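Here the structure is laid out as structure tokens; the discussion comes afterwards.
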Amino acid sequence: MPIIRPEQPVFRFAPSPNGLLHLGHALSAIINHDLATAIGGRFLLRIEDIDQTRCRPDFETAIFEDLAWLGLSWDEPVRRQSDHLDLYAATLERLEGMGLVYPSVLSRGEIKAAVAAAEASGEAWPRDPDGTPLYPGHERDMSPGEQADLVASGRPFAWRLDVAKAVKRIGEPLTWQETGAGQSGETGRIAADPSAWGDVILSRSDAATSYHLAVVADDALQGVTHVVRGRDLYHATSIHRLLQRLLGLPEPVYHHHRLILGPDGRKLSKSNGDSGIAALRTSGHSPEDIRRMLAADTGERMRGFHSPRA
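Residue numbering for the sequence shown follows the working numbering, beginning at 6 and increasing consecutively.
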């Protein structure tokens with residue numbers, strides 16, 4: 006896979022066109038844009054449209070309109086993940102060649118039943134940082150022939166990363182450079198814990214790639230030096246750093262910013278119509294109003310940012 010090593014900082018905003026942008030998206034886009042401008046970097050827009058069942062062209066058009074209305078500009082061309090499925094397939098093949106992936110066939114219902122049975126017998130089932138039970142991994146220990154038969158059976162399956170085997174292959178602790186608030190206000194070198202996620206999905210038989218695989222491949226190909234995103238993705242950085250090390254990809258600087266919460270205390274979702282950028286625009290708000298709502302002053306967020314290392 007070609008890797009771009011840019012001469013200047015590169016930031017990106019990467020929404021999925023499966024709904025309308027809300028205030029949380031606006032905060033992330035504005036911080037990325039303003040930081041790129043402040044330190045002489047580039048600001049990229051990437052459309053993460055892998056989920057073809059939910060992504061729609063009208064939502065993509067709305068993304069462009071909302072960002073332009075906010076006064077943001079980005080480098081062309083815009084990258085669409087759906088145009089680069091061959092890249093993700095090739096990246097997955099590299100991991101297959103290392104013997105680090107296996108096919109998994111248990112449905113959500115089957116996983117839930119296995120967890121319920123274990124917990125009923127007094128066993129504490131491990132869960133990932135989002136609270137989802139880890140995959141049992143029954144297929145992990147199958148022979149290559151048994152795994153091939155499983156794939157050929159026609160049963161829906163997902164390719165999963167054998168995280169324990171991948172961590173062992175790396176052979177040393179993983180860290181990342183954090184310049185944001187993190188989960189507890191910590192910055193500097195953060196210890197990564199990819200094992201906390203269990204065997205994450207990299208691809209499905211009905212979907213070319215997962216978020217984890219696509220995001221590390223895209224960031225490397227586009228030369229992204231600074232990944233600025235919400236705290237909800239803070240722990241996912243552990244998996245991303247593992248994939249970067251396995252694939253020999255550059256390490257960006259990470260900055261996880263605060264989330265915009267709704268009245269219920271949860272982070273905003275695209276179903277929160279009253280917080281949608283288009284709805285706020287239609288109701289008479291200006292881009293300056295949006296910035297005031299967000300208090301999107303990027304001045305204090307400049308601490309720790311720097312040009313990419315050679």
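We treat Cβ as the ideally placed atom computed from N, Cα and C, and that holds for glycine.
Here the structure is a predicted model, which means the values were calculated and not measured.
Approximately 15 Å separates the beta-carbon atoms of R174 and Y107; this is outside 8 Å, ruling out the contact. Going by C-alpha positions, H89 is about 20 Å away from F69. For Y107, no alpha helix (DSSP H) segment is defined; the enclosing uninterrupted segment is the beta strand (DSSP E) at 106 to 109.
The beta-carbon separation of L28 and I265, rounded to 5 Å, stays under the 8 Å limit for a contact. Note: W164 is bridge-paired with P108, S208 in the DSSP secondary-structure output. In this structure, the beta-carbon distance from S87 to D54 falls below 8 Å.
By the 16-neighbour rule on beta-carbons within 10 angstroms, D204 is buried.
The region 119 to 137 makes no contact with the region 177 to 184: fewer than 3 CB pairs, one atom from each, lie closer than 8 Å. Per DSSP, V83 is one residue of the beta strand (DSSP E) stretching across 80 to 85. Between L254 and A284 a beta carbon distance of about 39 Å is seen, past the 8 Å cut, so the two are scored as non-contacting.
The residue among A43, T242, P11, G104 with its C-alpha nearest the C-alpha of K170 is G104.
Inside the region 233 to 275, DSSP marks whole beta strand (DSSP E) runs of 3 or more residues at positions 258 to 262, from first to last along the chain. A distance below 7 Å between beta-carbons, with the five flanking residues on each side excluded, links G142 to the following residues of its chain, in chain order: D204.
Annotated three-state conformation of T180 is strand, per DSSP. Where A196 is concerned, the enclosing beta strand (DSSP E) starts and stops at 193 to 196. Inter-residue distance for D167 and P20 is about 28 Å (C-alpha atoms, whole angstroms). With fewer than 16 neighbouring CB atoms inside 10 Å of its own CB, E177 falls in the exposed class.
Listed as beta-bridge partners of V15 by DSSP are R47.
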